[in-house]
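Chemist: Structure incoming, see below.
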Amino acid sequence: MVKVKTSEMHSVHNTGRRLKKEPSPATDRDQTPRTLVAQAVVEVKFGIASRNCDNYGVCHIDLAEHLLERKSKETHCCLRKTKAILSVSSNGSIELTFPKSAMHAETENLFFSKIMFSVEEDFELPKELAKQFDLEIKAKIIHGNYRIIETMGFYVVNFSNDFK
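Here is the structure:
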């Protein structure tokens, strides 16, 4: 089992494809508790679907085997994707935690060099992924700009309205 520290608030245990988060109940501004309902290692492709995964946002999310793989020499199109830890809360909000060590410098410069992560069009978690986690809610990222939280080894983007 590999323990990956994602912030001072919580840590994640990698027990295969699915990850379990140690308790750290988050709350919205109205103090409604949010419970983590799903977490997994994924590959995130940046861009927007209507533009063939060009521009800014989240174009596609797929399950991935390993979070920290060795970087390979990728072509330009493949620099628009990276590994992340996907977390989905009971209210449908999505958080992505991107390990810097799994990311190409070009990807980091293009998508994480500013304080905000831009999403140009809405993105709904793929039905296959939602079904795999038995999600009864629609997990969705609404277009807008979201704060990037940088820690020692990670970039964290929480796509709830509280972090816009």
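So in this note's numbering, the last spot in the sequence shown is 226, and the numbers never skip. Just so you know, even glycine gets a beta-carbon here, dropped at the ideal spot from N, CA and C.
1) The alpha helix (DSSP H) with asparagine 171 in it runs from where to where?
2) Would you mind stating whether glycine 206 and valine 181 have Cβ atoms separated by less than 8 Å?
3) So, helix, strand or coil for serine 180, using DSSP?
4) With a CB to CB cut of under 6 Å and the five nearest residues on each side skipped, what residues in its chain are close to valine 7?
5) Counting along the chain, where does the beta strand (DSSP E) carrying lysine 162 start and finish?
6) Under 6 Å Cβ to Cβ from tyrosine 118, same chain only, skipping five residues before and after it: list those, please.
7) Keeping to the same chain, check which residues put their C-beta closer than 7 Å to that of aspartate 124; ignore five residues upstream and five downstream.
8) Could you tell me the distance, in whole angstroms, from the CA atom of proline 87 to the CA atom of lysine 107?
Modeler: Based on what the coordinates show:
1) What you label residue 171 is simply residue 109 of the sequence shown in a count that begins at 1. Run containing asparagine 171: 167–174, per the alpha helix (DSSP H) assignment.
2) For the purposes of this step, residue 206 is identified with residue 144 of the sequence shown, where counting begins at 1. For the purposes of this step, residue 181 is identified with residue 119 of the sequence shown, where counting begins at 1. Yes. Within cutoff.
3) Within the sequence shown, numbered from 1, the residue matching residue 180 stands at position 118. In the structure shown, serine 180 sits in a strand (DSSP, three-state: E or B).
4) Nothing can be reported for residue 7: it is not among the residues displayed for the chain, which extend from 63 to 226.
5) Numbered from its first residue, the sequence shown carries residue 162 at position 100. It is not in any beta strand (DSSP E) - lysine 162 carries neither H nor E in the DSSP assignment.
6) One-based indexing of the sequence shown puts residue 118 at position 56. Excluding sequence neighbours, tyrosine 118 sits near Ser180 and Glu182.
7) As a first step, residue 124 must be located in the sequence shown, where it is residue number 62. Only Val104 and Glu105 meet the Cβ criterion.
8) Looking up residue 87 in the sequence shown gives position 25. Looking up residue 107 in the sequence shown gives position 45. Confidence is the limiting factor: at proline 87 the pLDDT is only 39, short of 50, which leaves the residue's position unreliable, though a coordinate-based value still follows. One C-alpha to the other measures close to 28 Å.
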